[in-house]
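See below for the structure under consideration.
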Amino acid sequence: MAANSSSTVVRAGFFVGILILSAVVGTVAIGGGGGSQAAPDVTQVNAPSFNSDESVATPAAESGDLSMSADASGKVVVIDVAHAGDIDREALTPLVSTLTENGATVRYHVGERQSGSPLNESLRSADAFVVLGAEQRYTESEMNGLTEFSDAGGRVLLLNEPSQASPAGLGLFGPVRSDSVTMPMAPLASQYGLSYGNGYLYNMHEYDTNYQNVYATPTGDTELTEGVDRTVFYAALPVQGGDTVVTTTEQTTLSKTRRQDTYGVVARSGNVVTVGDTNVFTQEFLYRADNEQLVGNLLDFLVTGEKSPADAPQPADSGESGPGGSLPGAGTGGGGALPSEPDSTPAPEPNETMRADQ
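The numbering of the sequence shown is the working numbering, which starts it at 214 and goes up by one.
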């Protein structure tokens, strides 16, 4: 009986010893078998997809103030919302406020469908005309009126962007549909010798935070690029024709063709300037890099023309009418159909005039 008890104790001690030895050996194997294997600090990670010479995110500095050097006193700037899609008027606040603070009168052309004036009638009292990604067609009479307007010295600014650059739908518009050029903008730009490429621009090698935020630089010293060293555009359309003023940096890619190149994003043809992005006017992008300087130069451009005769375009014999189709509702900042009454716009500053066409 005693012998059996002793044997049991010995066997138990043997197994305990094996367990202890295994634990010691296991600890040695894990802790020191191949040297220390401590997990690397997160800051030590060097993944090429995040940080390499091939793909570098370099956020642009955000600073500066939007200002103008030109005196806009007595000038009338008309912004076309009759032909446009769902424009967020709140996003236009920097543009409108700066113009009015410098003495200009800013009006919205809402069109006849919103109890406003025909376009050509609105142009007769205007010095400058701004188009923001038109989605309603311009009639032949309106196209002729715009040509006569610019030929007389009126300034025209065409801002365009892909109908869909990303699901976020950023910019001055509401929900978007495709990444092609809005069709009414193509013939409008074409009559001034300008055009847009299909697709949007991106750069996987050098960008501002997001690969769709492409850098662009001036092609030379012009009135539009004074004080501009580098700008940032969000998923812009390439623009062709006229005199290219600003181009993207090298290795920028067009989504439709996958071709890497430098692409024009701002071009001028006489009294007409086109920009392949509307985001440069929004708060999110206005103060990135030298965007505010570029926008200030564009505003100077709008108010430094001399229109003669002052009432161009002359009344048409017949056929003048508003845009075809129904006018869409306002965008994320509009909350419904675009109003025709001036008190529906944000409250103006004391010297600010914002009204719908009469």
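C-beta atoms are modelled at their ideal positions from N, C-alpha and C, and glycine is treated no differently.
1. Could you tell me which residues DSSP puts in a beta bridge with Pro-431?
2. Less than 7 Å between C-beta atoms, sequence neighbours within five positions excluded: which residues of the same chain meet that for Glu-463?
3. Mind checking Glu-353: buried by the 16 CB within 10 Å criterion, or exposed?
4. When you compare the CB positions of Gln-453 and Thr-465, do they come within less than 8 Å of one another, or not?
5. To the nearest angstrom, how far is it from the Cα of Leu-450 to the Cα of Asn-315?
6. Please state the DSSP three-state secondary structure of Ser-363.
7. Under a Cβ-count criterion, where at least 16 other Cβ atoms within 10 Å of its own Cβ denotes burial, should Gly-406 be classed as buried or exposed?
8. Quick one: give me the first and last residue of the beta strand (DSSP E) that Gly-477 is part of.
9. If you run the structure through DSSP and keep just helix, strand and coil, what is Glu-419?
10. With a cut-off of 8 Å on the beta carbons, I'd call Val-479 and Val-458 a contact; round off their distance for me.
11. Determine the closest residue to Ala-317 out of Gly-324, Val-323 and Leu-308, with distance taken between C-alpha atoms.
12. Measuring only the C-alpha atoms, how far is Gly-367 from Thr-435?
13. In angstroms, rounded to a whole number, what distance separates the CA positions of Arg-443 and His-418?
14. Straight-line CA distance for Ser-408 to Val-291?
15. Along the chain, where does the alpha helix (DSSP H) that runs through Asp-442 open and close?
16. Can you name, in chain order, every residue of its own chain whose Cβ lies under 8 Å from the Cβ of Leu-614, other than the five neighbours on each side?
17. Which one of Val-369, Thr-438, Glu-355 and Ser-310 has the shortest CA to CA distance from Ser-330?
18. What does the alpha-carbon distance come out to for the pair Ser-403 and Glu-519?
19. Please look up how many angstroms separate the CB atoms of Leu-512 and Thr-311, rounded, as I've assumed it's under 8 Å.
20. Please name the residue in Tyr-420, Pro-397, Gly-433 and Met-281 whose C-alpha comes closest to that of Val-344.
21. Considering only the alpha carbon of each residue, which of Leu-467, Val-508 and Met-281 lies closest to Asn-416?
22. Cα separation between Ser-280 and Ala-297?
23. Here's the rule: buried if 16 or more other CB atoms are within 10 angstroms of the residue's CB, otherwise exposed. What is Thr-491?
By the coordinates alone:
1. Here the question's residue 431 lines up with position 218 in the sequence shown. DSSP, once it has assigned bridges, lists Val-459 as partnering Pro-431.
2. Locating residue 463 in the sequence shown gives position 250, where the first residue counts as 1. Hits under 7 Å: Thr-475.
3. Position 140 of the sequence shown holds residue 353. Exposed, since its Cβ has fewer than 16 Cβ neighbours within 10 Å.
4. Taking the sequence shown and counting its residues from 1, one reaches residue 453 at position 240. Taking the sequence shown and counting its residues from 1, one reaches residue 465 at position 252. Contact flag unset, no.
5. Numbered from its first residue, the sequence shown carries residue 450 at position 237. Numbered from its first residue, the sequence shown carries residue 315 at position 102. Cα-Cα distance, rounded: 30 Å.
6. Against the sequence shown, residue 363 aligns to sequence position 150. Helix.
7. If you number the sequence shown from 1, residue 406 lands on position 193. By the neighbour-count rule (16 or more Cβ atoms within 10 Å), Gly-406 is not buried but exposed.
8. In the sequence shown, the residue the question calls residue 477 occupies position 264. 477-482 is the span of the beta strand (DSSP E), which, as asked, contains Gly-477.
9. Taking the first residue of the sequence shown as 1, we reach residue 419 at position 206. Three-state result, Glu-419: strand.
10. Mapped onto the sequence shown, residue 479 falls at position 266. Mapped onto the sequence shown, residue 458 falls at position 245. Yes, Val-479 and Val-458 are in contact; Cβ-Cβ is about 4 Å, under 8 Å.
11. The residue labelled residue 317 in the question sits at position 104 within the sequence shown. Per the Cα distances, Leu-308.
12. In the sequence shown, counting from the first residue as 1, residue 367 sits at position 154. In the sequence shown, counting from the first residue as 1, residue 435 sits at position 222. Going from the Cα of Gly-367 to the Cα of Thr-435 covers about 19 Å.
13. Counting from one through the sequence shown, the residue named residue 443 turns up at place 230. Counting from one through the sequence shown, the residue named residue 418 turns up at place 205. The straight-line gap from Cα to Cα measures roughly 16 Å.
14. As a working note, residue 408 is residue 195 in the sequence shown. As a working note, residue 291 is residue 78 in the sequence shown. Going from the Cα of Ser-408 to the Cα of Val-291 covers about 22 Å.
15. For this step, residue 442 is matched to residue 229 along the sequence shown. No alpha helix (DSSP H) holds Asp-442; DSSP gives it neither H nor E.
16. Since the first residue of the chain shown is 214 and the last is 571, residue 614 is not available in this structure.
17. On the sequence shown, position 117 is the one that residue 330 refers to. That would be Glu-355, whose Cα lies nearest to the Cα of Ser-330.
18. Here residue 403 refers to the residue found at position 190 of the sequence shown. Here residue 519 refers to the residue found at position 306 of the sequence shown. Ser-403 and Glu-519: Cα-Cα distance of roughly 23 Å.
19. For the purposes of this step, residue 512 is identified with residue 299 of the sequence shown, where counting begins at 1. For the purposes of this step, residue 311 is identified with residue 98 of the sequence shown, where counting begins at 1. Indeed they touch by this definition, with Cβ atoms about 6 Å apart.
20. Position 131 of the sequence shown, counted from the first residue, corresponds to residue 344. Ranking Tyr-420, Pro-397, Gly-433 and Met-281 by Cα distance to Val-344 puts Pro-397 first.
21. Within the sequence shown, numbered from 1, the residue matching residue 416 stands at position 203. Taking only the C-alpha atoms, the option nearest Asn-416 is Leu-467.
22. As a working mapping, residue 280 is identified with position 67 in the sequence shown. As a working mapping, residue 297 is identified with position 84 in the sequence shown. Computed Cα separation, rounded: 26 Å.
23. Residue numbering aside, residue 491 sits at position 278 when the sequence shown is read from its first letter. Buried is the call here.
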